[in-house]
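When we follow numbering that gives the first Met the number 0, the leftmost residue of the sequence shown carries the number 0, and every step to the right adds one. By construction, the Cβ of each residue, glycine as well, lies at the ideal position given by its N, Cα and C atoms.
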Amino acid sequence: MKLEGSCHCQAVRFQVESHEPYPFMRCYCSICRKTAGAGGFAINLGADFRTLQVEGREHLAVYRARMPQPDGSVQTSSGERHFCRTCGSALWLWDPQWPELVHPHASAIDTPLPVPPEHTHLMLGSRASWAEPCVGEGDKTFDAYPDESLADWHERLGLHGR
Ligand SMILES: [Zn+2]
Ligand SMILES: [Zn+2]
Numbered sequence: 000m001k002l003e004g005s006c007h008c009q010a011v012r013f014q015v016e017s018h019e020p021y022p023f024m025r026c027y028c029s030i031c032r033k034t035a036g037a038g039g040f041a042i043n044l045g046a047d048f049r050t051l052q053v054e055g056r057e058h059l060a061v062y063r064a065r066m067p068q069p070d071g072s073v074q075t076s077s078g079e080r081h082f083c084r085t086c087g088s089a090l091w092l093w094d095p096q097w098p099e100l101v102h103p104h105a106s107a108i109d110t111p112l113p114v115p116p117e118h119t120h121l122m123l124g125s126r127a128s129w130a131e132p133c134v135g136e137g138d139k140t141f142d143a144y145p146d147e148s149l150a151d152w153h154e155r156l157g158l159h160g161r
């Protein structure tokens with residue numbers, strides 16, 4: 000389905016074609032929480048980078064997360080988190096390791112999204128103590144990464160490409 004999105008101040012608007020539009024994946028990692036997750040988590044969708052069209056590109060800024068390592072060094076994520084430099088809305092993640100994909104934040108999408116029949120809660124090992132996951136019937140929970148991708152989840156539930 001075609002997704003239309005924007006930041007809060009409307010300086011940036013975008014559209015993209017998505018085969019994985021169900022907002023089922025709630026990530027509680029510190030990057031999602033601090034950059035995009037007022038409720039303690041953020042939700043990314045799967046979309047086709049080649050179809051991404053952006054208006055107001057000059058208002059974009061990019062954050063590459065800095066991740067402290069056990070040995071004291073700091074690693075910089077290859078993922079480019081795009082946000083509006085005026086209002087701060089988180090918009091999408093693009094990673095050169097998977098250049099054909101783009102991951103819009105569900106929170107930036109204006110098109111009504113389909114309601115997921117079940118959710119995946121990931122990175123619970125990193126969650127804030129106050130962010131209590133609302134785990135429903137059939138939901139899956141993971142301390143770190145989940146056992147299936149955005150695409151796998153949609154395939155399993157027969158929702159891919161809808
Ligand atoms: Zn904005
Ligand atoms: Zn995350």
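Simplified DSSP state of Cys31, which is helix, strand or coil | For the purposes of this step, residue 31 is taken as residue 32 along the sequence shown, with counting starting at 1. Correct three-state label for Cys31: helix.
Would you call Glu163 buried or exposed, if buried means 16 or more other Cβ atoms sit within 10 Å of its Cβ?
-> Residue 163 is absent from the model: the chain starts at 0 and stops at 161.
Quick one, which of Leu100, Pro69 and His58 has its alpha-carbon nearest Arg84's?
-> On the sequence shown, position 85 is the one that residue 84 refers to. Out of Leu100, Pro69 and His58, His58 has the C-alpha closest to the C-alpha of Arg84.
Mind checking whether the beta-carbon of His159 lies closer than 7 Å to any heavy atom of ligand 3?
-> As for ligand 3, it is missing from this structure, which binds only ligand 1 and ligand 2.
With a threshold of 7 Å, establish whether the CB of Val53 neighbours any heavy atom of ligand 1.
-> One-based indexing of the sequence shown puts residue 53 at position 54. Val53 Cβ: outside cutoff for every heavy atom of ligand 1.
Just checking, does the stretch 29–43 make contact with the stretch 2–14 on the three C-beta pairs under 8 Å criterion?
-> no
Expressed to the nearest angstrom, what Euclidean distance is found between the alpha-carbon atoms of Asn65 and Asp94?
-> The residue you call residue 65 lines up with position 66 of the sequence shown. The residue you call residue 94 lines up with position 95 of the sequence shown. The question names Asn, yet the displayed sequence has Arg at residue 65. Using only the alpha carbons, I get a separation of about 15 Å.
How about His102 and Leu92: do their beta carbons lie closer than 8 Å?
-> Your numbering for residue 102 matches position 103 in the sequence shown. Your numbering for residue 92 matches position 93 in the sequence shown. Their beta carbons are under 8 Å apart, which means His102 touches Leu92 by this criterion.
Identify the continuous beta strand (DSSP E) that holds Trp93 and give its terminal residues.
-> One-based indexing of the sequence shown puts residue 93 at position 94. Element bounds for Trp93: Ala89 to Trp93.
Asp151 in three-state terms, based on DSSP | Taking the sequence shown and counting its residues from 1, one reaches residue 151 at position 152. In this structure, Asp151 counts as helix in the three-state DSSP scheme.
Cβ neighbour criterion (16 or more within 10 Å) applied to Ser17 | To locate residue 17, count along the sequence shown from 1; it is residue 18. Ser17 comes out buried.
Give the range of the beta strand (DSSP E) segment to which Glu54 is assigned.
-> Position 55 of the sequence shown, counted from the first residue, corresponds to residue 54. Unbroken beta strand (DSSP E) run through Glu54: Gln52 to Glu54.
Any idea if Pro69 is buried or exposed, counting beta-carbon neighbours within 10 angstroms, 16 or more meaning buried?
-> Residue mapping note: residue 69 aligns to position 70 of the sequence shown, counting from 1. Exposed, by the Cβ-count rule.
Whole-angstrom C-beta distance between Leu121 and Pro145, which should lie under 8 Å | Residue numbering aside, residue 145 sits at position 146 when the sequence shown is read from its first letter. Residue numbering aside, residue 121 sits at position 122 when the sequence shown is read from its first letter. That pair is a contact at about 5 Å.
In terms of DSSP beta bridges, what is Ser5 paired with?
-> Position 6 of the sequence shown, counted from the first residue, corresponds to residue 5. Paired residues: Arg12.
Buried or exposed by the 16-neighbour rule on C-beta atoms within 10 Å, applied to Gln96 = Locating residue 96 in the sequence shown gives position 97, where the first residue counts as 1. So Gln96 counts as exposed.
Excluding five sequence neighbours on each side, which residues of the same chain lie with their C-beta closer than 8 Å to the C-beta of Val49?
-> The residue you call residue 49 lines up with position 50 of the sequence shown. It should be noted that the sequence gives Arg, not Val, for residue 49. The residues are Glu99.
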